[in-house]
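Residue numbers (our numbering), protein chains in the order written: chain A, 1 to 262; chain B, 1001 to 1350.
For every residue, glycine included, the Cβ atom is placed at its ideal position computed from N, Cα and C.
All of these numbers come straight from a predicted model, not from anything done at the bench.
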Ligand SMILES: Cc1cc2nc3c(=O)[nH]c(=O)nc-3n(C[C@H](O)[C@H](O)[C@H](O)COP(=O)(O)OP(=O)(O)OC[C@H]3O[C@@H](n4cnc5c(N)ncnc54)[C@H](O)[C@@H]3O)c2cc1C
Ligand code: SF4
Ligand code: SF4
Ligand code: FES
């Protein structure tokens, strides 16, 4: 009998302090995964939580975790060389076959960047596979900025707006992500996709702003966050109507997301 | 094949079966009821057929025999995990037809949903054989016929309890030998064919109607009535949701165990994510979530004729605030029917 909820241990190779509240853990892992998928991460002191894969490389994957609760707190005491338990990958993933050779708009808020970072890195590495990329990355203030190195690369490779909610700092724009959406020339993009990831309210306002600016709702994608206890369709926590976010999501077409009634 | 046996003979059979099985049935716990001076009937291991409380419906369902209220999944150290084990004895479960349907609903979630079986459920489920308790009358508060959960043939044996003896129907070859030498009779169990209080089910087709069902003003009424205690989920055969929690044995080590415990969608914390963002904030929104899951979402997901609810009515009996699930379903159905007829009238009027 196979035990689908059995975690396996993985060695922590490196820990990068992105901000005081967000750390990236590089963990040894060599199985295939797709951009946008997540793992159930556990550390033996507290429990399990769903965490997106924020980057992958040769023999490793990264998780970027925000310190919000008990589990994430426990993780912050770990050191390279320690092990953590994980199971996955779970969930659906960004449909690269629909993204390739079209324009791509990515709007990310805060820790939401973690869920789209591996996708962005993929297209930065394979620039010829995608046409224009427009990235709007929003952070609260300069101390909340994530992935500084990658951000620099995205600036060089894509049309990038990195914006801080209320702070004026050289190299950054000011204002919420929604304020920058009018600068995206949806009408001139030809075929395109829009990916929006962030806190629930940010996703709602950003989607509305995109539509107001002429974006086609059929080409918009959201990544949902829900409480999850199992990630395999058994615990019931992530259910919305007849949909299980852990199974059919976390990534939904905007039009599909409109049919999910909470 | 049918057999007539005395209680003494039945207990002889029980002794034989107990070599291979633990036998679970509804038992009476005197004075332990929810209200002063009442008894509690819930499942437990029996040592005699006289232990079986067959004259009333059990207050708790047999769910915890197949999905315990708390089970240890694994134990762990800093770098190893070890899956817990359970004993290898089989389980013989006495259950009414509705609850047999209820276990099949649990099967759908735990064995099929997501395309992979859950190990912790399957290891109990695989060793369970069922003795169906014949149920011919039903009670005031149950509505298995409305839910299509009154009949079943998913059992190894069926039993009719009478004050002076028992009738068994044996369908499973494995049990035939144990009845050798006992008097045979013609016995085929009967089923409830009419609910005392039938329940109307809502007709909800398509997204627009589902939205209309969501927007009904009736849900907000539960905001004041429901105290979000989750008791209705606890007694329900088909509520399958759970939490996973890690317990650490001491502050100074990382050794501990991971447990699965029943959860409840009527609790606010059920959908609360880190940072305090809750998806369903009010009791009314949670009542709507529960009711629609029981009489709409499950069927919308899995197709077929069956709803998640089996019509046992336990939730109504249990609610400390006298909130009636049956009433909620009937009102929802009436409101949807009203909307449909208004829509039809408008169409004709055009
Ligand atoms: C598909 C998916 C991908 C995700 N990817 C990521 C990711 O890449 N990175 C990431 O950081 N997160 C990610 N999350 C969110 C992450 O899983 C949660 O933040 C995580 O579950 C928090 O778990 P915890 O154990 O630390 O919190 P818990 O301690 O379990 O906290 C949960 C409970 O504690 C309460 N709580 C905790 N903190 C607070 C607070 N500050 N204020 C008020 N109440 C609080 C809440 O009520 C909540 O019920 C993802 C979620 C999903 C569904
Ligand atoms: S919802 Fe109520 S009536 Fe339906 S199966 Fe659950 S406890 Fe029984
Ligand atoms: S409906 Fe009744 S039993 Fe269920 S949570 Fe509300 S008060 Fe408790
Ligand atoms: S997280 Fe358990 S069912 Fe989706």
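- With respect to chain B, the C-beta atom of residue 4 of chain A has a partner C-beta closer than 8 Å.
- The C-beta separation of residue 23 of chain A from residue 16 of chain A comes to about 7 Å, placing the pair in contact by the 8 Å criterion.
- The beta carbon of residue 1241 of chain B lies closer than 8 Å to those of 1233, 1262, 1263, 1264, 1265 and 1270 in the same chain, with the five residues before and after it left out.
- In this structure, the CA atom of residue 90 of chain A is about 32 Å from the CA atom of residue 1100 of chain B.
- Restricting attention to A/248, A/2 and A/19, the CA atom closest to the CA of residue 142 of chain A is found in A/19.
- At least one CB of chain B lies nearer than 8 Å to the CB of residue 83 of chain A.
- Within chain B, the residues whose beta carbon sits less than 8 Å from that of residue 235 of chain A are 1241, 1242, 1243, 1244 and 1263, listed in sequence order.
- Residue 1155 of chain B sits in coil when the DSSP states are folded into three classes, being neither helix nor strand.
- The way I'd put it, the region 1128–1146 of chain B does touch the region 1192–1211 of chain B; three or more beta-carbon pairs between them come closer than 8 Å.
- Distance check between residue 1207 of chain B and each of B/1128, B/1300 and B/1268 places B/1300 closest, using alpha-carbon atoms only.
- Beta-bridge pairing by DSSP links residue 180 of chain A to no other residue.
- Taking non-hydrogen atoms of ligand 2 into account, the C-beta of residue 1312 of chain B is found less than 7 Å away from one of them.
- In the displayed model, residue 1308 of chain B falls within coil according to three-state DSSP, outside both helix and strand.
- For residue 98 of chain A, the CB stays at least 7 Å from every heavy atom of ligand 3.
- Residue 1283 of chain B: member of the alpha helix (DSSP H) spanning 1283–1292, first to last residue.
- Counting along the chain, the unbroken alpha helix (DSSP H) around residue 1219 of chain B starts and ends at 1218–1225.
- Rounded to whole angstroms, the gap between the alpha carbons of residue 59 of chain A and residue 1016 of chain B is 57 Å.
- Residue 230 of chain A has a beta carbon lying within less than 8 Å of a beta carbon in chain B.
- Among the residues of the region 1117–1128 of chain B, those with a Cβ less than 9 Å away from any Cβ of chain A are 1117, 1118, 1119, 1120, 1121, 1122, 1123 and 1126, in the order of the chain.
- When secondary structure is reduced to three states using DSSP, residue 117 of chain A falls in the helix class.
- Here the C-alpha atom of residue 101 of chain A lies approximately 44 Å from the C-alpha atom of residue 1079 of chain B.
- At a C-beta separation below 7 Å, residue 225 of chain A has these neighbours in chain B: 1273.
- Residue 1272 of chain B and residue 1003 of chain B have their C-alpha atoms spaced approximately 54 Å apart.
- Beta bridge pairing from DSSP links residue 1075 of chain B with B/1082 and B/1257.
- Closest option to residue 1280 of chain B, judged by alpha-carbon separation, among A/197, A/1 and A/237: A/237.
- Contact of residue 22 of chain A with chain B is not assigned, every C-beta pair being separated by 8 Å or more.
- Around the C-beta of residue 127 of chain A, fewer than 16 other C-beta atoms lie within 10 Å, and the residue is accordingly described as exposed.
- When secondary structure is reduced to three states using DSSP, residue 1054 of chain B falls in the coil class, being assigned neither helix nor strand.
- In the DSSP assignment, no residue is bridged to residue 186 of chain A.
- Here residue 180 of chain A has 136, 161, 163 and 173 as same chain residues with Cβ atoms under 7 Å from its own Cβ, once five neighbours each way along the sequence are excluded.
- Restricting attention to beta strand (DSSP E) runs no shorter than 3 residues, the region 154–235 of chain A encloses them at 159–164, 192–197 and 220–223, ordered along the chain.
- For residue 1030 of chain B, there is no enclosing beta strand (DSSP E), as DSSP gives it neither H nor E.
- Among the residues facing chain A, residue 1222 of chain B is not included, as its CB has no counterpart in that chain under 8 Å away.
- Looking at the DSSP output, residue 1169 of chain B shares a beta bridge with B/1002 and B/1158.
- Residues of chain A with a Cβ closer than 8 Å to the Cβ of residue 1214 of chain B are, in chain order, 261.
- Taken through DSSP and simplified to helix, strand or coil, residue 1146 of chain B comes out as helix.
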